[in-house]
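Peer 1:
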């Protein structure tokens, strides 16, 4: 029973809890942030920043709200309230309050934030300027400090130095991490009462905003010394030769580290330290005219005074005159020095050098007989009352005559190849430069060169028909005039052209006979060097000779079979170009007597064999009783004979061919013989017989060919063979 009551009670509590939960449901609609009076407020005005949360609830129940306000993501305000809004008050707004504000609300475990809102506090606080000292000396510095209270960096600071009747001098400093800056201004000569101020500037949303100017700070300046005085005694208008004295003085408050300097045209003449007076004296010259400056310095302070001095001329510069400026050696030269309107000065004549002057004579006039070594510049000096003046230099040139020039070829030999350039050099051993060289080709002037001792001439692309006589002339300013070299004749070398090679006899030469080889060229200057070569793996020089002719002949007394081959010749002259002929081929063949000897040893055994064969045939015919055999079909039985000839079938065939050839050519050997022919088969060589030497068939063929050729050519020409003997 009690279990049932507990079950009912649990169900009631669950229903009550669910009902309570449903009654406390809420949600954030929006969270907004607002600024009063506006998002743009003047510096110093009050500002209210309100955060409002719009919430929807299931019933009217209370919520605790945690409000947090951020400026540029930094916490500036936080409160807890049961109301739906909170307010952040800024009683006096400053530019540092400018920024992006954002509000966040937490309630019942839920959080929501507003969108950021930019608040701009226009204007900046007035800067405060302070000076380290209110009284300074000229040359010292004034240190200033400018501060922008209640402003946040980065900031720009501008300082101004204000002086009466002048444009203010301004300095700018950027401070990234502090709201104040310090600068120094130097106090210059003429500064007495100075005023300084400053102002600030910041960057807001890519726009610059400036503060008002600070209070003006007054600084008074005291002089450490007075402006110096500069005097010239006896006057600042004097005549050269008089002594002039300069005095520069000042009054100082403190003597330590004081310096006085006297200078002219940036050149310091004299200086003193820790003194109030400077003195400087000198004998006045025309060069002393100009502006002088006295300067007093102490620390950074300096003051100057200027004085203009005029020095009048005592006497003008002297003038040096020469009887002539260009003359031959051993001639007489007169130099004269004078001053217009003055004759009381002390004169001297000198020769100038690069590092010194050489004294010649204390006089107004100088006469001397000159040599080449007297060439140079001369001056004269005049002295009066300690003032020395120098004339302008006069240039004197003394000339020695040129020697007769020599003309030669630069390469050494007086010759040139056609089409090549020719360089000539003309020299004159003696003579004062500059020397004018003139080149002639024949009678024509080709070039004029001005040089010291020699000149070069280029004649380009020499031709065969060019004039070959050259000469040159040399002259300088000596009165002797031009001198001419001897005529230089140039040998023009024509290069070799078109070499050719021939021989007598040509083509085929009998063994042991003489042969003449002729090498010739179409053109080329003599002497010509001829060389004959026989081509092998390495070409062999067989003959060479130099000739003053366009051809040369080489006689080979006895040719042999080893001389068979290809020949060519090469020709060259001083043009140093080798010209090669086309090759010719020489074939050395057997001589006529060699053919006769071979015929004697070969044909006699052949004739004996033929006679024996005919005798055997006739004997057999007589004995025959039957009908005549058909000669063309009869075969001879093999016979054993003690003859010393070769009886092979090949030999017989060669014999038959030889007979036919002899009959057709009607040669003298068998011209009258009436022989009937039959085809016979000869037995093979008896092993007991002596063999015929190798090469018989070839030699016999050579002889047969010689017989055929005898009708066509009355001079027997035998084609050689490497195996023929």
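Numbering (the numbering used here), first residue to last: 43 to 767. Even for Gly, the Cβ is constructed at its ideal location relative to N, Cα and C. Please read all numbers here as calculations on a predicted model, not as lab measurements.
Can you list, in chain order, the stretches of the beta strand (DSSP E) that have 3 or more residues and sit fully within the segment 196-249?
Peer 2: 197-204, 211-217, 222-228 and 235-246
Peer 1: With DSSP collapsed to three states, give me the class of residue 531.
Peer 2: strand
Peer 1: Quick check: residue 474 and residue 527, are their CB atoms within less than 8 Å of each other?
Peer 2: no
Peer 1: To test your reading of the DSSP string, which unbroken alpha helix (DSSP H) runs of 4 or more residues are found completely within the segment 88-116?
Peer 2: none
Peer 1: Count the other CB atoms, across all protein chains shown, that sit within 10 Å of the CB of residue 604; report buried if there are 16 or more and exposed otherwise.
Peer 2: exposed
Peer 1: Any idea which residues DSSP pairs residue 160 with across the strands?
Peer 2: 142
Peer 1: Are there three or more Cβ pairs, one per stretch, closer than 8 Å when the segment 154-161 is compared with the segment 179-186?
Peer 2: no
Peer 1: From the DSSP output, in three-state form, read off residue 27 for me.
Peer 2: Since the first residue of the chain shown is 43 and the last is 767, residue 27 is not available in this structure.
Peer 1: Is the Cβ-Cβ distance between residue 169 and residue 256 less than 8 Å?
Peer 2: yes
Peer 1: From the DSSP output, in three-state form, read off residue 432 for me.
Peer 2: strand
Peer 1: Whole angstroms are fine: how far does the CA of residue 248 sit from the CA of residue 142?
Peer 2: 15 Å
Peer 1: Taking 8 Å as the cut-off, decide whether the C-beta atoms of residue 360 and residue 433 are in contact.
Peer 2: yes
Peer 1: State the Cα-Cα distance for the pair residue 766 and residue 543, rounded to the nearest angstrom.
Peer 2: Residue placement at residue 766 is poorly supported in this model, since its pLDDT is 34, which falls under 50; the coordinates are not used for a value here.
Peer 1: Start and end of the beta strand (DSSP E) containing residue 369?
Peer 2: That run of the beta strand (DSSP E) goes 368-370.
Peer 1: Where do the N-terminal and C-terminal ends of the beta strand (DSSP E) with residue 493 fall, by residue?
Peer 2: 486-493
Peer 1: Roughly how many angstroms separate the alpha carbons of residue 532 and residue 458, rounded to a whole number?
Peer 2: 7 Å
Peer 1: With DSSP collapsed to three states, give me the class of residue 657.
Peer 2: helix
Peer 1: State the Cα-Cα distance for the pair residue 538 and residue 480, rounded to the nearest angstrom.
Peer 2: 35 Å
Peer 1: I need the boundaries of the beta strand (DSSP E) containing residue 470, first residue and last residue.
Peer 2: Residue 470 -> no beta strand (DSSP E), and no H or E assigned at all.
Peer 1: Helix or strand or just coil, what does DSSP make of residue 293?
Peer 2: coil
Peer 1: With three or more C-beta pairs closer than 8 Å as the rule, is the segment 284-302 touching the segment 210-221?
Peer 2: no
Peer 1: Give the single residue among 522, 625 and 356 whose Cα lies nearest to the Cα of residue 578.
Peer 2: 625
Peer 1: Excluding the 5 residues flanking residue 630 on each side, which residues of the same chain have their C-beta closer than 7 Å to its C-beta?
Peer 2: 551, 553, 601, 602, 603, 605, 606 and 762
Peer 1: State buried or exposed for residue 250, treating a residue as buried only when at least 16 other CB atoms are found within 10 Å of its CB.
Peer 2: exposed
Peer 1: If you check the beta carbons only, do residue 128 and residue 88 fall under 8 Å apart?
Peer 2: Against a cut-off of 8 Å, the Cβ pair of residue 88 and residue 128 comes out as no contact.
Peer 1: So residue 615 and residue 567 are supposed to be a Cβ contact under 8 Å. How far apart are they, rounded?
Peer 2: The pair is a contact, with the Cβ atoms about 5 Å apart (cut-off 8 Å).
Peer 1: Measuring CB atoms only, is the segment 277-294 touching the segment 322-331, in the sense that at least three cross pairs come out at less than 8 Å?
Peer 2: yes
Peer 1: Consult DSSP for residue 510 and reduce its assignment to one of helix, strand or coil.
Peer 2: coil
Peer 1: Could you pull out every residue in the same chain whose Cβ sits closer than 8 Å to the Cβ of residue 372, ignoring the five residues on either side in sequence?
Peer 2: These residues qualify, in order along the chain: 411, 412 and 413.
Peer 1: Following the continuous beta strand (DSSP E) through residue 69, name the residue where it begins and the one where it ends.
Peer 2: 68-78 is the extent of the beta strand (DSSP E) around residue 69.
Peer 1: Helix, strand or coil for residue 65 per DSSP?
Peer 2: helix
Peer 1: Can you name, in chain order, every residue of its own chain whose Cβ lies under 7 Å from the Cβ of residue 590, other than the five neighbours on each side?
Peer 2: 568 and 569
Peer 1: Between the segment 116-128 and the segment 196-203, can you find at least three pairs of beta-carbon atoms closer than 8 Å?
Peer 2: no
Peer 1: Tell whether a beta-carbon distance below 8 Å holds between residue 138 and residue 192.
Peer 2: yes
Peer 1: Is residue 646 helix, strand or coil by DSSP?
Peer 2: helix
Peer 1: Which residue comes first and which comes last in the beta strand (DSSP E) that contains residue 275?
Peer 2: 271-275
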